[in-house]
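Below is one structure, written out as structure tokens; the observations come after it.
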Amino acid sequence: MTRPAGLQQPGSTQTLSAGRYGGTIRRTVLPGGLRVITEALPAMRSVAFGIWVGIGSRDEAPSLGGSSHFLEHLLFKGTKRRSALEISSAMDAVGGEMNAFTAKEYTCYFARVLDVDMPLAVDIVSDMVTSSLITSDDLEVERGVILEEIAMHDDDPGDVVHDVFGEAVFGEHPLGRPVIGTVESIRGMRRQQVAGFYKRRYQVPTIVVAVAGNLEHAKVVRLVRQAFAKSGLMEDDTAVPDLPRPAQRRVPVSDSTVRIVDRPTEQAHLLLGGRGLGRHDERRFALGVLNSALGGGMSSRLFQEIREKRGLAYSVYSYASQYADAGIFGVYAGCAPGNAERVLALVREQLDLAATKGLTDAEVDRGRGQLKGGLVLGLEDSGSRMSRIGKGELVYGDILEVDDLIARIDAVTPEDVRQVAADLCGQPLSLGAIGPFGDHDFSSAVAS
């Protein structure tokens with residue numbers, strides 16, 4: 034029987050699984066609490082190496098909005114051992130791929146290389162994450178880059194509407210703020226603030242190293258131990274892994290909120306929905322089936338009713354995101370501004386039908402099949418395998434085998450889907466919208 038990382042003794046290694054849908058997954062907890070988890074895939078010739086840090090935008094004070102993302106940029110700018118050019122040149126020389134991303138609750142730095150170049154990837158990415166210089170000059174350069182990134186983001190209303198919707202659902206809570214920050218917060222960021230955030234937050238118990246591909250677990254552990262030892266981050270050999278943290282600030286009760294951004298766009302961008310489920314909620318599998326059947330494919334209700342039957346939108350879909358203690362569930366549609374009221378009425382109609390009558394058995398069957406297929410087909414490369422085990426270890430402290438996940442999906446019944454639909458589709462709804470709406474408030478779209 035496998036143990037969650039918090040129950041595994043530092044200095045020990047445990048085999049977590051050897052399922053038929055993947056290679057052998059092992060976890061070693063090093064002294065100091067650093068977790069190293071690998072999935073050995075001998076048939077591949079690549080290795081994906083990732084460092085997952087359990088810090089994201091929800092961990093920021095309002096005045097530091099966007100600091101996690103700012104830090105992500107700065108860690109590529111140079112260390113005590115390498116300049117930014119030396120980092121990129123070393124990776125380019127072996128044809129490797131290297132990148133990073135910041136989310137609400139974690140940040141990931143990763144590289145994908147040929148299996149023979151794994152030691153290089155381990156050394157470079159570990160050096161970046163543990164020993165960044167964060168100079169004032171680099172901060173000023175990246176400040177300009179991030180302001181350009183914000184401008185690019187703001188030019189795409191299809192992206193911005195998700196921020197508007199998040200604010201409508203979560204209000205002033207950190208989950209309602211954009212990961213990238215704002216022009217004001219980025220302009221006001223100072224070097225000592227970002228460097229202090231880095232020093233306080235990037236500590237070993239919050240870090241998971243995940244590696245997938247053609248590898249030997251013992252060799253990976255040895256390389257990671259050597260790389261992190263250079264930074265001094267593993268000096269405390271009594272620390273234990275930092276398992277999924279409790280909410281730092283309680284998420285407020287959801288209420289109906291409308292957020293409209295008046296902008297002279299050719300297309301209206303609409304997001305209607307509300308609070309979802311937290312990642313530890315056992316109903317998340319039923320939500321996955323509901324999401325697939327309601328707005329996850331060409332046969333889904335929303336696609337059929339809004340695009341296929343009426344031609345009112347090119348893009349229409351539903352989605353769900355889950356966090357430690359909360360979630361969000363919404364329906365997006367892009368349409369001509371003059372059709373916005375009609376499209377919202379149709380979306381609301383389908384949500385009400387799902388809440389009161391549920392889905393048919395055939396829809397539930399299709400939703401289960403789509404969810405299972407997407408899960409398995411999404412694990413066809415070393416990068417996706419690394420992401421699965423890294424994120425799973427960081428946010429759950431343990432990893433379900435693919436067979437177990439498929440069994441959980443197969444166990445979802447039409448009644449399970451009906452109940453979660455009643456809870457989520459029948460709750461007070463919020464709306465985020467961008468378009469040439471003037472002072473139109475669309476209050477009728479969220480009225481019960």
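Just remember that this note's numbering sits 33 ahead of the position in the sequence shown, which is counted from 1. Note that CB positions come from ideal geometry on N, CA and C, so glycine has one too. Source: prediction; values computed, not measured.
Paired residues, beta bridge with residue i - DSSP
i       : result
His-302 : Gly-367 and Ile-467
Gln-355 : Gly-360
Tyr-347 : Tyr-347 pairs with nothing; no bridge assigned.
Cys-141 : Trp-85 and Phe-134
Val-62  : Ser-45 and Arg-68
Val-183 : Note that residue 183 is Ile in the sequence shown here, rather than Val. Paired residues: none, contrary to the question.
Gly-487 : Outside the shown range of the chain (34 to 481) lies residue 487, about which nothing can therefore be said.
Ser-50  : Ile-58
Ser-165 : Thr-112
Leu-147 : Ser-79
Integer-rounded CB distance, given that residue j should sit under 8 Å from residue i
i       : j       : result
Leu-304 : Phe-475 : Contact flag wrong, Cβ pair sits at about 11 Å.
Leu-20  : Gly-309 : The shown model of the chain, from 34 to 481, leaves out residue 20, and the question about it has no answer.
Arg-401 : Asp-443 : 6 Å
Arg-224 : Ile-167 : 7 Å
Ala-301 : Ala-369 : 7 Å
Ile-240 : Gly-99  : Wrong, their Cβ atoms sit about 21 Å apart, outside the cutoff.
Arg-210 : Ser-90  : 6 Å
Thr-298 : Pro-469 : 6 Å
Ala-319 : Ala-388 : Rounded, the Cβ-Cβ distance is 14 Å, inconsistent with contact.
Val-80  : Asp-125 : Between Asp-125 and Val-80 the Cβ distance is about 17 Å, and since that is not below 8 Å, they are no contact.
Gly-311 : Tyr-356 : 6 Å
Ile-422 : Ile-58  : 6 Å
Val-284 : Phe-203 : 7 Å
Ala-447 : Leu-392 : Contrary to the premise, residue 447 reads as Pro rather than Ala in this sequence. Yes, they are in contact, since the Cβ atoms of Pro-447 and Leu-392 sit about 6 Å apart, within 8 Å.
Ala-326 : Val-397 : 6 Å
Val-257 : Val-155 : 6 Å
Ala-245 : Thr-71  : 7 Å
Gly-306 : Pro-461 : With a Cβ gap of about 11 Å, Gly-306 and Pro-461 do not count as contacting.
Leu-107 : Asp-170 : Not quite, the Cβ-Cβ distance comes to about 11 Å (not below 8 Å), so this is no contact.
Element boundaries [beta strand (DSSP E), containing residue i]
i       : result
Met-131 : 130-135
Asp-192 : It is not in any beta strand (DSSP E) - Asp-192 instead sits in the alpha helix (DSSP H) that spans 190-203.
Ile-442 : Not the beta strand (DSSP E): Ile-442 falls in the alpha helix (DSSP H), residues 435-443.
Glu-72  : 68-73
Val-294 : 291-295
Residue i burial status per 10 Å Cβ neighbour count (16 or more: buried)
i       : result
Met-419 : buried
Met-161 : buried
Glu-413 : exposed
Pro-207 : buried
Leu-49  : buried
Arg-278 : Low per-residue confidence applies at Arg-278: pLDDT is 45, beneath 50, and the placement is therefore not dependable, though the value from the model is reported in the following sentence. Exposed: under 16 other Cβ atoms inside 10 Å.
Leu-410 : exposed
Phe-134 : exposed
Leu-118 : exposed
Arg-292 : buried
Val-349 : buried
Val-450 : buried
Gly-83  : buried
Met-131 : buried
Arg-145 : buried
Gly-265 : exposed
Arg-68  : buried
Glu-249 : exposed
Lys-113 : exposed
Met-185 : exposed
Lys-424 : buried
Glu-426 : buried
Glu-175 : buried
Val-127 : exposed
Ala-466 : buried
His-102 : buried
Start-to-end residues for the alpha helix (DSSP H) that takes in residue i
i       : result
Thr-389 : 373-390
Ile-219 : 216-221
Ala-455 : 447-458
Ser-420 : 415-429
Asp-394 : 394-410
Arg-91  : Arg-91 -> no alpha helix (DSSP H), and no H or E assigned at all.
Gly-321 : 317-328
Val-125 : According to the sequence shown, residue 125 is Asp rather than Val. Its alpha helix (DSSP H) spans residues 117-125.
Phe-103 : 100-107
Val-479 : 476-479
Residue ranges of each alpha helix (DSSP H) run of no fewer than 4 residues wholly in the segment 234-262, ordered along the chain?
250-262
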